[in-house]
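Residue numbers (the working numbering), protein chains in the order written: chain E, 5 to 418; chain Y, 12 to 306. Where is the CB? At the ideal position from N, CA and C, for every residue including glycine.
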Amino acid sequence: MKDLKTVIGFTIKEMAKRKSFVISTIIIVLIIIIGFNIPNIIKLFNGDNSSSGTQNKLLVVDSSNLFEGSLDTLNTMDLGYEVQTTKEALTFDDIKQQIDNEQIDEAIIVENNERTYKLRYIVKDMTMMNSMPQDLMDSINTIYTNLQISKLGLTEEQIQSLAPNFEYSIEQTEEQKVSGNLFAMMMLSIVLFYAIYFCAYQVSSSITTEKTSKIMETLVTSTSPRIIVLGKTIGIGLVGLLQVCLFVIIALISAKVFLEPGILESVLDMSQMTPYLAIITIVYFILGYSTYALLYALTGSTVGKPEDIQSANTPVAILAVIGFYLSYFTMMNPTSDLNLFAALFPISSPFCMPFRVMMGIASGGEVALSLVILVVTILIVAKVAIKIYSNAILNYGTKMSVRDMIKVYRDKNS
Amino acid sequence: MGLKLENVSKKFIGKQAVDNISFEVDKPGVFGLLGTNGAGKTTTIRMLLGIIKKDTGEITWNGKKVERKNVNFGYLPEERGVYPKTKIYDQLLYFAKLKGMNKNDADEAIKKWAKVLKVEEYLPMPAEKLSKGNQQKIQFMTSIIHNPELIVLDEPFSGLDPVNTEILKSVIIELVKQGKYIIMSSHQMASIEEFCTDILILNKGKTVLQGNLKEIKDTYKANRIEIIANRNIDDYIKEYNMNIEFSKNNEYTIKIDSEENANKLLEKLVADKISITKFEIKKPTLNDIFIEKVG
């Protein structure tokens with residue numbers, strides 16, 4: 005136990021000090037922060053500074069008096085513009101001069117061509133946009149429609165009956181109730197896959213480094229191979245878990261600080277983010293990571309040269325990819341038997357079961373069965389991996405073949 | 012007491028690596044384990060360290076069966092290895108802890124041995140910044156830091172410069188004085204002759220020679236003489252049908268078939284008033300014996 009603690013401690017220290025680990029962590033943190041700032045960045049480039057209090061000055065030129073002065077109501081629509089209207093017949097050059105002089109930021113020229121009306125949206129440059137903002141177009145359309153309706157001499161009730169008052173809802177024919185949205189599920193599945201896969205890969209990389217740097221012989225005389233494999237797996241897993249937790253915390257803080265209220269809720273169904281889901285996700289991360297880390301420990305120990313690591317790890321990578329895609333594609337049809345199979349099958353269940361829990365379609369029995377299958381798989385993989393690792397780590401020759409591994413496993417004296 | 016191997020064998024997939032070997036190291040000192048490449052030395056060492064299991068036989072230390080979990084031997088492997096990116100102090104502390112030391116004792120031992128081996132200045136540095144020789148001294152520290160009773164040294168002097176070789180030799184002598192049991196495997200026969208009282212030579216997994224080095228050498232007849240004369244004596248050597256193995260500036264190493272013939276040559280040289288400053292009848296070296304047994 006003392007040795008296990010020592011190996012875990014050393015592994016954590018080594019992992020956390022790795023330049024590649026520190027740099028990749030910083031990069032991902034920056035990506036998260038930037039990701040949550042994308043709406044702000046878009047606003048910045050679109051000139052929409054409503055949140056910062058400085059509004060863009062928009063001049064609407066309605067020389068034909070098409071809107072009959074009603075465009076002033078744009079100022080009350082919270083569009084992020086300080087709107088001025090004029091009936092003077094200003095030309096494009098006049099507008100250009102005003103923009104150059106920074107009297108205004110942009111302008112709309114309303115042109116009445118007998119049967120059609122043209123609205124020319126004039127901005128300083130079109131680098132970050134290719135059309136008039138949708139909310140501005142919608143607002144102008146609404147103002148014009150209201151103006152025309154008011155001329156029809158309708159009663160208040162008639163006017164109200166023209167405005168749509170629809171209530172939209174969605175229902176399904178399947179008996180099993182599915183909730184949540186697919187985007188969030190897929191994100192969760194992808195994050196789990198990358199977290200599990202890349203943390204597990206570190207175990208293989210660490211073992212191969214020890215083997216190729218010839219430190220292994222000293223190491224196995226200091227403690228047992230079982231302690232080394234378990235210590236490395238736990239140590240790297242803890243660092244990975246802390247890294248994922250750090251990313252989640254950064255994401256939550258960024259959402260709170262950088263996003264306007266309601267934006268996150270419009271993309272994600274936050275009612276599904278329960279403590280139960282958090283616990284299930286962490287449990288499946290740990291178990292999924294353990295499965296793949298032990299498989300990687302096995303393959304990492306069979307190579308003698310760093311250049312062989314890719315080919316040795318390929319079978320595990322293929323298993324992980326099959327597991328992930330089995331989970332990912334069956335998400336499109338979460339009530340299918342194939343998705344249930346993916347949630348129980350040990351190579352795909354770590355990516356699939358949290359998704360089913362989030363969807364609210366996983367029963368307690370299914371979760372329990374999936375966990376039992378996964379734990380039994382881990383115990384079997386651990387037994388085989390530790391036995392082969394114990395024998396393979398001192399083999400500095402060519403990469404062990406599957407046949408050699410089977411022989412080693414069957415040899416009761418090895 | 013001490014280390015005892017009885018009828019130990021080990022077979023790997025399709026190859027008998029060690030075939031029924033037995034030996035005993037019953038008192039402190041240096042025991043030489045010799046053999047050509049692939050003779051079974053490393054497999055023997057790994058079995059006696061408990062890293063790999065034997066197929067048959069018995070290995071005991073002070074009467075108790077040797078298993079990985081109940082021995083705490085020191086081992087300097089032939090394959091040198093350190094964590095390249097890790098600070099020397101950190102890796103020494105790691106191995107010391109794995110060998111059961113607490114932090115304070117480990118710290119004290121690291122500082123003590125770093126001073127003895129003259130590597131104190133490297134303790135805060137990552138291993139990749141050290142020369143090969145200094146990395147080797149660090150690994151030697153790893154093998155002795157926990158004060159083991161039995162230490163296995165596989166090619167301890169390879170790659171060391173003369174100054175560092177002398178430092179390591181003095182440490183080994185000191186360890187023997189402290190009552191340590193040392194098993195040394197080396198291809199440098201001069202080192203084995205210098206340190207070892209008992210040896211075992213392996214060839215293709217089998218013991219071809221073992222016993223007290225002096226007694227082994229005593230069983231061999233003298234096979235060469237070394238002469239330093241004041242002039243060329245090639246003609247005298249040919250007259251007595253001897254072969255010159257080496258000659259330079261009137262210094263000769265000559266192969267002989269009997270001591271009697273060598274004495275006749277000396278008598279002839281003296282009779283002809285040739286000045287002789289060195290005349291030594293020599294027994295075969297360990298190198299000669301090794302080549303004879305496994306060559």
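Contact between the stretch 332-349 of chain E and the stretch 369-381 of chain E is established, with three or more Cβ pairs separated by less than 8 Å.
Y:M195 sits in a strand when the DSSP states are folded into three classes. Around E:S208, no beta-carbon contact reaches into chain Y at under 7 Å, the shortest distance being about 17 Å. Remark: C-beta atoms of E:A259 and E:F40 approach each other more closely than 9 Å. It is roughly 34 Å from the alpha-carbon of E:L263 to the alpha-carbon of E:Y205. Listed in chain order, the positions of the stretch 85-116 of chain Y with a beta carbon within less than 7 Å of a beta carbon of chain E are Y86, P88, E90, R91, G92, V93, Y94, P95, T97, Y105, F106, K108, L109 and K110. Interface residue (Cβ-Cβ distance to chain E less than 9 Å): Y:I62 is classified as such. Close to chain E, meaning a Cβ-Cβ distance shorter than 8 Å, are the following residues of the stretch 138-150 of chain Y: Q150.
By the neighbour-count definition (other C-beta atoms within 10 Å, threshold 16), E:C249 is an exposed residue. Annotated three-state conformation of Y:P137 is strand, per DSSP. Look at the stretch 164-188 of chain Y: it has no residue with a C-beta under 8 Å from a C-beta of chain E. Where Y:N260 is concerned, there is no enclosing alpha helix (DSSP H), because DSSP gives it neither an H nor an E.
For the pair Y:T53 and Y:E17, the CB atoms are not nearer than the 9 Å cut-off. Note: Y:Q221 is bridge-paired with Y:L211 in the DSSP secondary-structure output.
Straight through space, the alpha carbons of E:G13 and E:A20 are spaced by roughly 11 Å. Separation of the CB atoms of E:T381 and E:T303 is rounded to 16 Å, and the pair is thereby denied contact status at 8 Å. The stretch 43-60 of chain Y makes contact with the stretch 187-196 of chain Y: 3 or more CB pairs, one atom from each, lie closer than 8 Å.
The Cβ-Cβ distance between E:I163 and E:I153 falls below 9 Å.
For E:K61, the nearest beta carbon of chain Y is not closer than 9 Å to its own beta carbon. In this structure, E:V65 sits near E:I113, with a CB-CB distance shorter than 9 Å. Comparing C-alpha distances from E:L83 to each of E:Q107, E:K47, E:N116 and E:R360 shows the shortest one belongs to E:K47. Cβ contact annotation for Y:V219 (same chain, cutoff 6 Å, sequence separation greater than five): I212 and K304, in chain order. Listed along chain Y, the residues sitting closer than 7 Å to E:F14 by beta-carbon distance are Y105.
Proximity of E:L223 to chain Y, defined by a Cβ-Cβ separation below 9 Å, is satisfied. Y:L141 sits close to Y:V93, with the two beta carbons spaced by under 9 Å. Contact with chain E is found for Y:S154, since one of that chain's Cβ atoms lies less than 9 Å from the residue's Cβ. The C-beta distance from E:T285 to E:L344 rounds to 19 Å, too long to fall under 8 Å, and the pair is not in contact. Residues of chain E whose Cβ lies closer than 9 Å to the Cβ of Y:K80 are, in chain order, S228. Residue-level contact by beta carbon holds for E:K218 and chain Y, with a gap shorter than 9 Å.
With a 10 Å radius around the Cβ and a threshold of 16 neighbouring Cβ atoms, E:V325 comes out exposed. Y:F257 and E:T222 do not touch by the CB rule: their CB atoms are close to 41 Å apart, not below 8 Å.
The DSSP-derived three-state label of Y:T153 is helix.
Its Cα nearest to that of E:V320, the residue E:Y300 stands out among E:S394, E:I103, E:I290 and E:Y300. Short of 8 Å from the beta carbon of Y:I267, and not among the five residues preceding or following it, lie these beta carbons of its own chain, in chain order: A233, N234, R235, I236, M253, A273 and I292. Residue range E110 to N117 is occupied by the beta strand (DSSP E) that includes E:N117. Secondary structure at E:D7: helix, using DSSP grouped into helix, strand and coil.
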